[in-house]
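Please read the structure below before turning to the comments.
Protein chains in written order, with the working numbering: chain E, 11 to 486; chain U, 8 to 454.
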């Protein structure tokens, strides 16, 4: 009966990350569930379905002794072209998804945000609602939605943001977490600046928390893993990116998606497994989002090393400290920004494995003096410990940081947008479905966001503090 | 005389479990009658005898949490382990969604929704007692369930049982931070509890941590270790003891200490002063006990200095601070108390001289008979001699000050307020609570 999480994968990138995510989730649960009984941990992501009856009925957890009959993922897959979803359906994971969980069209969105948001959105609204309502009704206590998308294209960004609005209207109680891939410098989609900025405005207004990812950062992390694996001959690629990852050039995205998938698994580990200091997803929003619009959380993961190095980690106390240092280093971040030069608004460290609060405290005290914390949150660390380590590693650490350095990324997006918008290039494709005023509105929203980040992150107080006077024992 | 315990949130559940373990271990069951006075205080016979529970006593406890994992684990582990107790079936209340470290959510949203169910469980447990001595609530102050929902439940219990005693055992979070909004949560909890609770025992996580590291030689303390320390300290104050004269006596033992009536009567007699601190000695690794010689003067002298300096640790004490009412400088540094209760356990506990604790310089001038001493001949935790001091003194006030500074700074910046406003706690509520905390702080400083 634990809190259920529903994943909504939109667009090609979203679905590919999703594919990796489900592979790794199955592997993780298979490793810690040798008896094959459907337990509460699995119930967060999967349903146990009895296929013999028609229509197939859900088998509830009961007292945890029901064997796994047929697992179905709590997910909705949306794409406006069929290729990726079909590949998933025909592949090894095909059995995880019901036909009703898939929503596809044929022609795609043409990398056009307006096409996704204003054409397909309203057109498929009822189907989308249906597809989403089904897994929601199968949940005992839905906690949140995880939206997987990229911001550069048309479907993931446009239709993804439409779905975000839909979730806010129809299911306001559940949290909306978005894992969004920000376009990188050398993105080959020409209209990606428009798509990204329009999406960013929507994410600012309608998401509860956003985990931005940048392809460049993920690629660099994969090279790092590759370099370390090459030192150990014939070792499998990093456990973080999963099996069969990085074996061929064409599968390069697999390892990158694996890192993103691992971040999500780590984030939800405390929801599924027990530990001495549980951190729920709603605790993440409460602690890391000081102001409603400043909810862009930079993620970093450690360790990344190949399994042989990781085996050395077990039992070495310095190794724990090393992991903490790495989480705060730039090579382990899922975004290419420099948080050390900017201000930390809040920080969360989620540990997996048999670690104690003493280890975490010691490292926090060691590292905090080097970080520039905002003046009203000088101690701002949220700590969590989950007992179950990830597959193959004795422990791992996820850092989620709300830092004003994300502003650099937003400013780059704004610059690229301005360069195109100044000349009104490609605008006519968008104006077919939306008004030009929406562009100005989105631009203003993002400008407001940048301004708010810069203002709130000022290290010194702007207004002098006032202290309340004691009023004596007035309440006696 | 029975005490009903409420374990709220993850912290409360885990500490409660450690507490019951310690209490069960420390009591000797009278073989003849199969009963022992303390066992009845915190435990009871099961309602129906079932063969599978192996004749275990049930703890008089209600477990409440907004997520199921911790409570389920506690129940299963108590039932399956080799201890003489377990939790009664149906004594727990848990939900799915968790409070998200949000005090407002626990207080305004889950409080009204679930208060009836929880109060039902509490009432049923209270009705099973022949003579209800009071309620003991175990909670943390930094989270959402223990702090927010816990405060609402405390207010509800005060309404339902207006003449019963309510003691809160609250865990004060690490200074270095474990939850970012802990400043808000702790101050909101304290402000509300000060109105309804009879006594609030504040236990600091950092003190427990230091005790484990420096005194018990545990290099990397886990929460299990820290919970064990807290449970031992609390048990040493709650296990049975009988009154005795301050200077020690050889005659008949006085009347036993009643939980919680005596504690409230002697220590928390003034509505503005409800914060209690708990100090217990000795703290040492179990392996060192056989190699240590215990003497009463040594133990009492260290405890006395801990009381003077307001320290919670017996190591690193400042021995230069002395009680001497003529010396005004020293007088200012002394940790003044309103009242104190000293409990001595072990060999020669009745005869040990505790008159150093009754020095008037330690207490506020208007306190009448501030010191009570009780003793018990039974050993505690295998220590030949041990002592614990439960006192209402200024050391808690210092904790409050640092947390206030951080909370004000966050409040002025307006950070995280929207999370609380979402559930109905507005700026005025915060300001009201801050004002009450200022009052509490000022009263303690004026002691």
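Quick reminder that beta carbons are idealized off the backbone N, C-alpha and C, glycines included.
Exercise for the section: Return the Cβ separation of residue 301 (chain E) and residue 24 (chain U) in integer angstroms, given the expectation that the two are a contact with Cβ distance under 8 angstroms. Expected result: Your pair residue 301 (chain E) and residue 24 (chain U) does not check out as a contact, with CB atoms roughly 38 angstroms apart and the cut at 8 angstroms.
Exercise for the section: Taking only the alpha-carbon atoms, compute the straight-line gap between residue 236 (chain U) and residue 360 (chain E) and give it to the nearest angstrom. Expected result: Taking the Cα positions, residue 236 (chain U) is about 26 angstroms away from residue 360 (chain E).
Problem - Contact belief for residue 240 (chain E) with residue 191 (chain E) at Cβ below 8 angstroms, rounded distance in angstroms - result: Rounded to whole angstroms, the Cβ separation of residue 240 (chain E) and residue 191 (chain E) is 27 angstroms, and the two are not in contact under 8 angstroms.
Problem - Collapsed DSSP secondary structure at residue 207 (chain U) in the structure displayed - result: DSSP places residue 207 (chain U) in strand when its eight states are reduced to three.
Practice task
Please classify residue 91 (chain U): does DSSP put it in a helix, a strand, or coil?
Solution key: In the structure shown, residue 91 (chain U) sits in coil (DSSP, three-state: anything other than H, G, I, E or B).
Practice task
Identify the contact partners of residue 413 (chain U) in chain E, using a Cβ-Cβ distance below 9 angstroms as the criterion.
Solution key: In chain order: 386, 387, 388, 389.
Practice task
Show which residues of chain U have a CB atom less than 7 angstroms away from the CB atom of residue 153 (chain E).
Solution key: What residue 153 (chain E) touches in chain U: 104.
Exercise for the section: Give a yes or no on whether the minimum CB-CB distance between residue 393 (chain E) and chain U is below 8 angstroms. Expected result: True, the Cβ-Cβ gap to chain U drops below 8 angstroms.
Practice task
Return the first residue and the last residue of the alpha helix (DSSP H) that residue 179 (chain U) is part of.
Solution key: Where residue 179 (chain U) is concerned, there is no enclosing alpha helix (DSSP H), although the beta strand (DSSP E) it sits in stretches over 173 to 179.
Exercise for the section: Tell me whether residue 341 (chain E) sits in a helix, a strand or coil according to DSSP, three-state version. Expected result: In the structure shown, the three-state DSSP call for residue 341 (chain E) is helix.
Practice task
Let me know the secondary structure DSSP gives residue 98 (chain U) once reduced to three states.
Solution key: Reduced to three states, the DSSP call for residue 98 (chain U) is coil.
Practice task
Determine the contact status of residue 358 (chain E) and residue 398 (chain E), defining contact as a CB-CB distance below 8 angstroms.
Solution key: In this structure, residue 398 (chain E) does not lie closer than 8 angstroms to residue 358 (chain E) by Cβ.
Handout entry: Minimum Cβ-Cβ distance from residue 290 (chain U) to chain E less than 8 angstroms
Key = Chain E, which has no Cβ nearer than 8 angstroms to the Cβ of residue 290 (chain U), makes this no.
Exercise for the section: For the alpha helix (DSSP H) containing residue 28 (chain E), list its first residue and its last residue. Expected result: 21 to 42 is the extent of the alpha helix (DSSP H) around residue 28 (chain E).
Practice task
Name, going along the chain, the residues of the stretch 134 to 161 of chain E whose beta-carbon falls closer than 8 angstroms to a beta-carbon of chain U.
Solution key: The residues in question are 150, 151, 153.
Exercise for the section: Thinking residue 123 (chain E) and residue 164 (chain E) are a contact (beta carbons under 8 angstroms), I'd like their distance in whole angstroms, please. Expected result: Correct: roughly 6 angstroms between the Cβ atoms.
Exercise for the section: Output yes if chain E places a C-beta closer than 8 angstroms to the C-beta of residue 10 (chain U); else output no. Expected result: It does not: the Cβ of residue 10 (chain U) has no partner Cβ on chain E nearer than 8 angstroms.
Problem - As assigned by DSSP and simplified to three states, the class of residue 14 (chain E) - result: Residue state, collapsed to three classes: strand.
Practice task
Could you give the DSSP three-state label for residue 385 (chain E): helix, strand or coil?
Solution key: Under the three-state reduction of DSSP, residue 385 (chain E) is assigned to coil, being neither helix nor strand.
Practice task
Please compile the residues from chain U whose C-beta is within a distance smaller than 9 angstroms of the C-beta of residue 278 (chain E).
Solution key: At a C-beta separation below 9 angstroms, residue 278 (chain E) has no neighbours in chain U, since its nearest C-beta there lies roughly 13 angstroms away.
Handout entry: Inter-residue Cα distance where the pair is residue 157 (chain E) and residue 284 (chain U)
Key = Looking at the two C-alpha atoms, the distance is approximately 48 angstroms.
Handout entry: Short Cβ contact (8 angstroms threshold) for residue 397 (chain U) with residue 314 (chain U)
Key = Contact flag unset, no.
Exercise for the section: Assign residue 280 (chain U) to one of three DSSP states: helix, strand, or coil. Expected result: Residue state for residue 280 (chain U) is assigned as coil, using DSSP reduced to three classes.
Problem - Identified DSSP bridge partners for residue 68 (chain E) - result: DSSP lists E:59 as partners of residue 68 (chain E).
Practice task
Report yes if the C-beta distance between residue 178 (chain E) and residue 303 (chain E) is below 8 angstroms; otherwise report no.
Solution key: No, these two residues do not count as a Cβ contact at 8 angstroms.
Exercise for the section: Flag this pair as yes or no: are the beta carbons of residue 167 (chain E) and residue 205 (chain E) separated by less than 8 angstroms? Expected result: In this structure, residue 205 (chain E) lies closer than 8 angstroms to residue 167 (chain E) by Cβ.
Handout entry: Range covered by the alpha helix (DSSP H) that runs through residue 304 (chain U)
Key = Segment 303 to 316, the alpha helix (DSSP H) holding residue 304 (chain U).
Practice task
Assign residue 257 (chain E) to one of three DSSP states: helix, strand, or coil.
Solution key: Note that residue 257 (chain E) scores a pLDDT of 43, beneath 50, so its modelled location is shaky and nothing firm can be said.
Exercise for the section: Would you mind reading off the limits of the beta strand (DSSP E) that contains residue 451 (chain U)? Expected result: For residue 451 (chain U), there is no enclosing beta strand (DSSP E); the enclosing alpha helix (DSSP H) has its first and last residue at 434 to 452.
Practice task
Please check if any C-beta of chain E sits within less than 8 angstroms of the C-beta of residue 417 (chain U).
Solution key: Chain E, which has a Cβ nearer than 8 angstroms to the Cβ of residue 417 (chain U), makes this yes.
Practice task
Under 6 angstroms Cβ to Cβ from residue 261 (chain U), same chain only, skipping five residues before and after it: list those, please.
Solution key: 249, 250, 251.
Practice task
Spatial neighbours of residue 257 (chain U) within its chain, please: CB distance less than 8 angstroms, with the 5 preceding and 5 following residues excluded, ordered by chain position.
Solution key: Contacts found: 357, 358.
Handout entry: 3 or more residues per run - each beta strand (DSSP E) lying fully within the stretch 70 to 106 of chain E
Key = Correct list: 81 to 83, 85 to 89.
Exercise for the section: Taking C-beta pairs closer than 7 angstroms, name the residues in chain U that residue 109 (chain E) reaches, listed in chain order. Expected result: Going along chain U, no residue has its Cβ under 7 angstroms from residue 109 (chain E), so there is no contact; the nearest lies around 29 angstroms.
Handout entry: Beta-carbon contacts of residue 200 (chain U) that lie in its chain and below 7 angstroms, excluding the five residues immediately before and after
Key = Hits under 7 angstroms: 158, 161, 175, 207.
Practice task
Starting from residue 229 (chain U), find everything on chain E with Cβ-Cβ shorter than 8 angstroms and list it in chain order.
Solution key: Within chain E, 286, 366, 367, 368 have C-beta atoms less than 8 angstroms from the C-beta of residue 229 (chain U), given in sequence order.
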